[in-house]
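Novice: Chains as they are written, first to last, in the numbering used here: chain A, 375 to 604; chain B, 375 to 604; chain C, 375 to 604; chain D, 375 to 604.
Even glycine gets a Cβ: it sits at the ideal position worked out from N, Cα and C.
Protein chains: 4
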Amino acid sequence: MLESLKSHVLEANLELVRRGLVLYTFGNASGIDREQGLVAIKPSGVPYETMTAGDMVVSDLEGRIVEGTLKPSSDLATHLELYRAFPAIGGVVHTHSEFATAWAQAGREIPAYGTTHADYFYGPVPVTEELSAEEIGGDYVLNTGRKIIDRFHNLDPEAVPGVLVAGHAPFTWGADAMSAAYHAVVLEAVARMAYYTATLNPACAGVSQALLDRHYFRKHGAKATYGQRS
Amino acid sequence: MLESLKSHVLEANLELVRRGLVLYTFGNASGIDREQGLVAIKPSGVPYETMTAGDMVVSDLEGRIVEGTLKPSSDLATHLELYRAFPAIGGVVHTHSEFATAWAQAGREIPAYGTTHADYFYGPVPVTEELSAEEIGGDYVLNTGRKIIDRFHNLDPEAVPGVLVAGHAPFTWGADAMSAAYHAVVLEAVARMAYYTATLNPACAGVSQALLDRHYFRKHGAKATYGQRS
Amino acid sequence: MLESLKSHVLEANLELVRRGLVLYTFGNASGIDREQGLVAIKPSGVPYETMTAGDMVVSDLEGRIVEGTLKPSSDLATHLELYRAFPAIGGVVHTHSEFATAWAQAGREIPAYGTTHADYFYGPVPVTEELSAEEIGGDYVLNTGRKIIDRFHNLDPEAVPGVLVAGHAPFTWGADAMSAAYHAVVLEAVARMAYYTATLNPACAGVSQALLDRHYFRKHGAKATYGQRS
Amino acid sequence: MLESLKSHVLEANLELVRRGLVLYTFGNASGIDREQGLVAIKPSGVPYETMTAGDMVVSDLEGRIVEGTLKPSSDLATHLELYRAFPAIGGVVHTHSEFATAWAQAGREIPAYGTTHADYFYGPVPVTEELSAEEIGGDYVLNTGRKIIDRFHNLDPEAVPGVLVAGHAPFTWGADAMSAAYHAVVLEAVARMAYYTATLNPACAGVSQALLDRHYFRKHGAKATYGQRS
Numbered sequence: 375m376l377e378s379l380k381s382h383v384l385e386a387n388l389e390l391v392r393r394g395l396v397l398y399t400f401g402n403a404s405g406i407d408r409e410q411g412l413v414a415i416k417p418s419g420v421p422y423e424t425m426t427a428g429d430m431v432v433s434d435l436e437g438r439i440v441e442g443t444l445k446p447s448s449d450l451a452t453h454l455e456l457y458r459a460f461p462a463i464g465g466v467v468h469t470h471s472e473f474a475t476a477w478a479q480a481g482r483e484i485p486a487y488g489t490t491h492a493d494y495f496y497g498p499v500p501v502t503e504e505l506s507a508e509e510i511g512g513d514y515v516l517n518t519g520r521k522i523i524d525r526f527h528n529l530d531p532e533a534v535p536g537v538l539v540a541g542h543a544p545f546t547w548g549a550d551a552m553s554a555a556y557h558a559v560v561l562e563a564v565a566r567m568a569y570y571t572a573t574l575n576p577a578c579a580g581v582s583q584a585l586l587d588r589h590y591f592r593k594h595g596a597k598a599t600y601g602q603r604s
Numbered sequence: 375m376l377e378s379l380k381s382h383v384l385e386a387n388l389e390l391v392r393r394g395l396v397l398y399t400f401g402n403a404s405g406i407d408r409e410q411g412l413v414a415i416k417p418s419g420v421p422y423e424t425m426t427a428g429d430m431v432v433s434d435l436e437g438r439i440v441e442g443t444l445k446p447s448s449d450l451a452t453h454l455e456l457y458r459a460f461p462a463i464g465g466v467v468h469t470h471s472e473f474a475t476a477w478a479q480a481g482r483e484i485p486a487y488g489t490t491h492a493d494y495f496y497g498p499v500p501v502t503e504e505l506s507a508e509e510i511g512g513d514y515v516l517n518t519g520r521k522i523i524d525r526f527h528n529l530d531p532e533a534v535p536g537v538l539v540a541g542h543a544p545f546t547w548g549a550d551a552m553s554a555a556y557h558a559v560v561l562e563a564v565a566r567m568a569y570y571t572a573t574l575n576p577a578c579a580g581v582s583q584a585l586l587d588r589h590y591f592r593k594h595g596a597k598a599t600y601g602q603r604s
Numbered sequence: 375m376l377e378s379l380k381s382h383v384l385e386a387n388l389e390l391v392r393r394g395l396v397l398y399t400f401g402n403a404s405g406i407d408r409e410q411g412l413v414a415i416k417p418s419g420v421p422y423e424t425m426t427a428g429d430m431v432v433s434d435l436e437g438r439i440v441e442g443t444l445k446p447s448s449d450l451a452t453h454l455e456l457y458r459a460f461p462a463i464g465g466v467v468h469t470h471s472e473f474a475t476a477w478a479q480a481g482r483e484i485p486a487y488g489t490t491h492a493d494y495f496y497g498p499v500p501v502t503e504e505l506s507a508e509e510i511g512g513d514y515v516l517n518t519g520r521k522i523i524d525r526f527h528n529l530d531p532e533a534v535p536g537v538l539v540a541g542h543a544p545f546t547w548g549a550d551a552m553s554a555a556y557h558a559v560v561l562e563a564v565a566r567m568a569y570y571t572a573t574l575n576p577a578c579a580g581v582s583q584a585l586l587d588r589h590y591f592r593k594h595g596a597k598a599t600y601g602q603r604s
Numbered sequence: 375m376l377e378s379l380k381s382h383v384l385e386a387n388l389e390l391v392r393r394g395l396v397l398y399t400f401g402n403a404s405g406i407d408r409e410q411g412l413v414a415i416k417p418s419g420v421p422y423e424t425m426t427a428g429d430m431v432v433s434d435l436e437g438r439i440v441e442g443t444l445k446p447s448s449d450l451a452t453h454l455e456l457y458r459a460f461p462a463i464g465g466v467v468h469t470h471s472e473f474a475t476a477w478a479q480a481g482r483e484i485p486a487y488g489t490t491h492a493d494y495f496y497g498p499v500p501v502t503e504e505l506s507a508e509e510i511g512g513d514y515v516l517n518t519g520r521k522i523i524d525r526f527h528n529l530d531p532e533a534v535p536g537v538l539v540a541g542h543a544p545f546t547w548g549a550d551a552m553s554a555a556y557h558a559v560v561l562e563a564v565a566r567m568a569y570y571t572a573t574l575n576p577a578c579a580g581v582s583q584a585l586l587d588r589h590y591f592r593k594h595g596a597k598a599t600y601g602q603r604s
């Protein structure tokens with residue numbers, strides 16, 4: 375069972391390479407087996423070119439390594455915090471993809487400027503607060519996760535499957551690791567188009583609530599009409 | 375006969391992939407057989423990598439599926455509205471290509487800034503009005519087509535083979551599906567250059583009427599001089 | 375002898391494809407045999423994928439076709455005008471490469487912002503005047519060449535091997551067709567960096583005369599030190 | 375021993391090609407054997423496609439060529455000045471990569487806008503002063519190196535492994551030639567994201583000192599936690 379999870383997590387990591395979201399060893403994807411409470415994640419600083427499913431590191435939700443000989447991604451504690459707080463998610467991805475990172479660095483949420491955005495994110499992609507010097511000096515990676523959760527205080531993580539960590543970069547999530555990677559790819563495309571939109575029309579108001587509703591629910595929920603599901 | 379149409383429509387869809395205009399299952403191309411009044415269109419949410427001509431869905435002009443086991447593109451009703459309103463067109467393409475979409479999101483028409491534009495679009499690429507909450511809540515996909523047609527009230531769809539749907543993305547058309555795809559590719563290049571032009575020179579007035587005429591009619595109409603036709 | 379010229383001109387045209395400067399059948403390169411007074415140029419509207427050296431069209435300096443079964447590039451008259459006016463050049467290239475075209479559309483010369491520019495262009499890349507309605511309505515392609523030559527009234531075409539035609543796109547030239555293509559590639563890179571520079575620092579003054587001199591003469595003239603020539 | 379250095383330096387040069395940092399024969403990488411006091415560097419103006427390890431030119435620290443039949447990179451004197459001044463570095467790279475060059479041309483340092491930057495550069499990437507006409511007219515290439523060293527008067531070259539030469543382009547360095555190339559690649563990505571950040575939020579203050587410290591020391595020094603070292 376974990377072999378299947380590790381293969382799936384490897385594929386999600388490789389999807390980030392195929393889509394041009396990561397440079398060298400940047401980025402990481404993980405997936406969780408909710409029944410066993412175990413998370414498989416990319417090892418730290420290993421080249422994607424030679425990475426195998428067996429290199430994935432398995433951790434429990436408290437960060438105890440239960441399988442794997444390599445060190446896990448240095449962002450593991452953020453992933454675990456998200457899995458603990460958002461019970462509906464099955465995968466987490468972190469990248470420094472360039473346009474999403476630029477919005478995070480600029481400290482600006484990505485407005486819902488169009489239907490591409492609305493198809494995947496039911497509202498702006500939010501930005502966390504900046505971490506304080508104490509939060510950075512303390513358990514920094516865990517605190518990054520806490521800042522994300524604080525920001526989702528009034529937000530549904532299933533309706534808005536991603537966030538920009540201020541001064542850092544995006545995290546996305548989904549039903550499984552590949553879905554989280556898909557959201558990372560779409561977020562980068564949305565961030566790129568939003569950059570061009572914001573510079574073409576700084577006063578752009580974005581889509582109406584009616585259009586946001588229509589597009590989001592076209593792809594999500596019981597009344598979804600997109601794709602081949604019946 | 376429809377086999378040929380379906381193959382042609384498949385090729386037009388794949389052209390969007392080859393030219394980098396679509397991400398995942400985004401985008402759709404269709405073509406019409408005017409004699410039979412039948413439209414072949416890409417199925418909804420199917421990966422381009424494995425798509426075959428046999429996956430194309432055939433619909434009549436009222437949206438009744440007459441061939442194909444898959445669900446058609448969720449944008450079918452927009453395509454059909456365009457075919458009904460613009461009798462000279464034989465193909466329709468919809469993408470969320472990044473720069474054209476940015477102009478659509480910004481709610482700005484693309485001015486005819488240069489001869490690349492004038493070679494294909496005889497005037498600015500227009501933007502539709504925004505759909506009202508009622509139009510969105512009603513038959514949204516059909517109403518998208520109606521907004522396009524309203525915008526072409528005083529425009530010739532053969533002289534301006536594309537439009538930006540406000541807050542959404544571009545539609546293009548042409549003599550057949552491949553021609554519509556070609557216009558989608560050129561529109562994206564024109565939109566990209568227009569973005570750089572507008573940010574380099576916000577006051578840019580664009581080409582003169584004389585230059586617009588010269589370039590457009592160089593490639594179109596009885597006196598065209600471009601290419602190998604005699 | 376012309377076989378060799380036609381092969382060389384084909385290669386220069388294909389270089390434009392390899393470097394991403396042209397879309398579909400856009401762009402054209404030509405070369406001249408000065409002894410025979412004959413120019414080989416790309417045919418009009420033929421796909422690059424299937425183009426052969428034998429497809430190149432040979433014209434004399436007055437535009438009389440002396441070899442080839444296809445129609446020459448619709449820009450032939452501009453090329454010929456440049457060959458007649460600039461006796462030292464052996465090749466001409468025209469593209470709609472995106473950043474150089476954006477500067478041309480914006481009607482702004484490209485300032486010598488850095489040493490990359492200075493290595494190839496001894497001063498700003500100039501913009502022509504706009505063509506008048508009469509010039510456009512008359513022998514438009516020839517008049518495009520004349521506008522370029524007017525702009526070089528006080529400029530040395532060997533020191534500044536390219537120009538932006540206002541509202542249109544760049545032309546470049548060089549010792550032969552491949553050199554002209556090389557200048558087209560470098561011009562696009564220079565235009566791209568200049569775009570980012572101008573938007574980062576609109577007041578940027580560009581390089582000093584001393585730096586312009588040093589870099590230009592590092593690669594050109596009797597005292598050149600770059601490369602393996604002795 | 376030098377065979378190994380020359381092979382390593384070739385690989386670093388080819389890494390610049392693979393990562394899209396160089397055009398034609400632009401750019402150069404070198405590495406030093408500190409014990410022997412010998413530097414291997416790319417030859418001047420040789421195509422990357424056919425370059426071999428044997429083409430690398432070996433020079434002593436005073437610029438005397440001790441091995442190789444080709445002329446060394448025209449930037450050799452800058453490399454040597456850096457090796458003499460910064461005893462801890464083992465490799466130097468120079469490119470005209472587009473976004474780093476744009477910041478250099480704009481005369482703006484790259485602020486530490488985010489953690490991607492902080493992972494590699496402990497503070498802004500600085501810009502040198504412009505060279506005077508005398509410095510340009512004199513030993514220009516050497517003086518370029520001196521300007522870099524002047525700029526690092528109060529900076530640690532191991533903590534900030536790169537610089538922007540005003541009106542020119544970046545130089546980076548590292549423990550060896552490949553590390554210098556790695557820093558060149560990361561610098562370009564950081565410069566690109568910084569461009570988007572600065573244009574999205576011109577008032578962006580960048581990361582806090584606490585975040586700069588945390589990310590830099592996560593990857594550097596005795597307490598580094600990133601990667602597989604134990």
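Rounded to a whole number of angstroms, what is the C-alpha to C-alpha distance between D/Gly580 and D/Pro461?
Specialist: So the two alpha carbons sit approximately 31 Å from each other.
Novice: With a 10 Å radius around its C-beta and 16 neighbouring C-beta atoms as the bar for buried, classify D/Arg438 as buried or exposed.
Specialist: So D/Arg438 ends up on the exposed side.
Novice: Please classify D/Ser553 as buried or exposed, where buried requires at least 16 other C-beta atoms within 10 Å of its C-beta.
Specialist: Classification for D/Ser553: buried.
Novice: Quick check on C/Gln602 - is its C-beta less than 8 Å from some C-beta in chain D?
Specialist: For C/Gln602, the answer is yes, since a Cβ of chain D falls inside 8 Å of its Cβ.
Novice: Identify the contact partners of A/Ala584 in chain B, using a Cβ-Cβ distance below 7 Å as the criterion.
Specialist: Ala507, Ile510, Gly511, listed in chain order.
Novice: So, under 8 Å CB-CB, D/Glu562 and D/Ser471 are touching, yes? Tell me the CB distance rounded to an integer number of Å.
Specialist: The Cβ separation is near 4 Å, so the contact holds.
Novice: Using the Cα positions of B/Lys416 and B/Leu538, report the straight-line distance between them to the nearest angstrom.
Specialist: In a straight line, the C-alpha of B/Lys416 is about 21 Å away from that of B/Leu538.
Novice: Could you have a look at D/Ala507 and say whether DSSP puts it in helix, strand or coil?
Specialist: D/Ala507 falls in the helix class under three-state DSSP.
Novice: Beta carbons nearer than 8 Å to chain A: which residues of the stretch 545–567 of chain D have them?
Specialist: Within the stretch 545–567 of chain D, the residues whose Cβ lies closer than 8 Å to some Cβ of chain A are Tyr556, Val559, Val560, Ala563, Arg566, Met567, listed in chain order.
Novice: Would you tell me roughly how many angstroms separate the C-alpha atoms of A/His527 and A/Ala451, rounded to the nearest one?
Specialist: So the alpha carbons of these two residues sit roughly 20 Å apart.
Novice: So which of C/Arg482, C/Asp493, C/Thr399 has the shortest CA-CA distance to C/Thr424?
Specialist: Out of C/Arg482, C/Asp493, C/Thr399, C/Thr399 has the C-alpha closest to the C-alpha of C/Thr424.
Novice: Here's the rule: buried if 16 or more other CB atoms are within 10 angstroms of the residue's CB, otherwise exposed. What is D/Gly394?
Specialist: So D/Gly394 ends up on the exposed side.
Novice: If we call anything under 8 Å between Cβ atoms a contact, is C/Tyr494 one with C/Val560?
Specialist: The answer is yes: Cβ separation under 8 Å.
Novice: Using the beta-carbon count (16 or more within 10 Å), is D/Pro531 buried or exposed?
Specialist: Its Cβ being crowded by 16 or more others within 10 Å, D/Pro531 is buried.
Novice: Let me know the secondary structure DSSP gives B/Ile522 once reduced to three states.
Specialist: Three-state DSSP puts B/Ile522 in a helix.
Novice: Just to confirm my understanding: we take D/Ser418, look at its own chain, exclude 5 residues before and 5 after, and list those with CB closer than 6 Å. What are they?
Specialist: Excluding sequence neighbours, D/Ser418 sits near Lys445, Ser447, Ser448.
Novice: Would you grab the beta carbon distance between B/Gly465 and B/Ala568 for me? Rounded to a whole angstrom, and I think it's under 8 Å.
Specialist: Not a contact, Cβ separation roughly 24 Å.
Novice: Cβ atoms of C/Ile510 and B/Arg592: under 8 Å apart, would you say?
Specialist: Not a contact, by the Cβ cut-off of 8 Å.
Novice: According to the neighbour-count rule (16 or more other Cβ atoms, all chains shown, within 10 Å of its Cβ), is B/Asp550 buried or exposed?
Specialist: Looking at its Cβ environment, which holds 16 or more other Cβ atoms inside 10 Å, B/Asp550 is buried.
Novice: Inspect the beta-carbon positions of C/Val499 and C/Val534 and report whether they are closer than 8 Å.
Specialist: It is a contact, given that the beta carbons lie within the stated cut-off.
Novice: I need the straight-line Cα distance from C/Val413 to D/Tyr422, nearest angstrom please.
Specialist: Rounded to whole angstroms, C/Val413 to D/Tyr422 spans 32 Å at the Cα level.
Novice: What whole-angstrom Cβ distance do A/Thr475 and B/Thr573 have, given they're in contact under 8 Å?
Specialist: With a Cβ gap of about 21 Å, A/Thr475 and B/Thr573 do not count as contacting.
Novice: Residue ranges of each alpha helix (DSSP H) run of no fewer than 4 residues wholly in the stretch 411–459 of chain D, ordered along the chain?
Specialist: Complete alpha helix (DSSP H) runs here, min 4: 450–459.
Novice: 8 Å is my cut-off, CB to CB: does D/Ala579 come that close to chain C?
Specialist: With 8 Å as the cut-off, D/Ala579 does not count as an interface residue toward chain C.
Novice: What's the gap between the Cα of B/Gly428 and the Cα of B/Gly405?
Specialist: Straight-line Cα distance between these residues: approximately 14 Å.
Novice: Consult DSSP for D/Thr573 and reduce its assignment to one of helix, strand or coil.
Specialist: Correct three-state label for D/Thr573: helix.
Novice: Using alpha carbons as the reference points, say which of A/Tyr487, A/Glu508, A/Arg525 lies closest to A/Val501.
Specialist: Among A/Tyr487, A/Glu508, A/Arg525, the Cα nearest to that of A/Val501 is on A/Arg525.
Novice: Under the assumption that C/Asp407 contacts C/Leu435 (Cβ atoms under 8 Å), give the Cβ distance between them as a whole number of angstroms.
Specialist: Contact doesn't hold; Cβ gap of about 11 Å is too wide.
Novice: May I ask you to report which of helix, strand or coil DSSP gives A/Thr475?
Specialist: A/Thr475 falls in the helix class under three-state DSSP.
Novice: Should C/Ser433 go down as buried or exposed, given a rule of 16 or more other Cβ atoms within 10 Å for buried?
Specialist: When all chains shown are included, C/Ser433 counts as buried.
Novice: For a contact defined as C-beta to C-beta under 7 Å, what are the partners of B/Tyr487 on chain C?
Specialist: Residues of chain C passing the Cβ test: Gln479.
Novice: Could you give the distance in angstroms between the alpha-carbon of B/Ala543 and the alpha-carbon of B/Met430?
Specialist: Each residue's Cα considered, the two are about 23 Å apart.
Novice: Determine whether the beta carbon atoms of D/Ile523 and D/Glu441 lie at a separation below 8 Å.
Specialist: Taking 8 Å as the Cβ cut-off, D/Ile523 and D/Glu441 do not qualify as a contacting pair.
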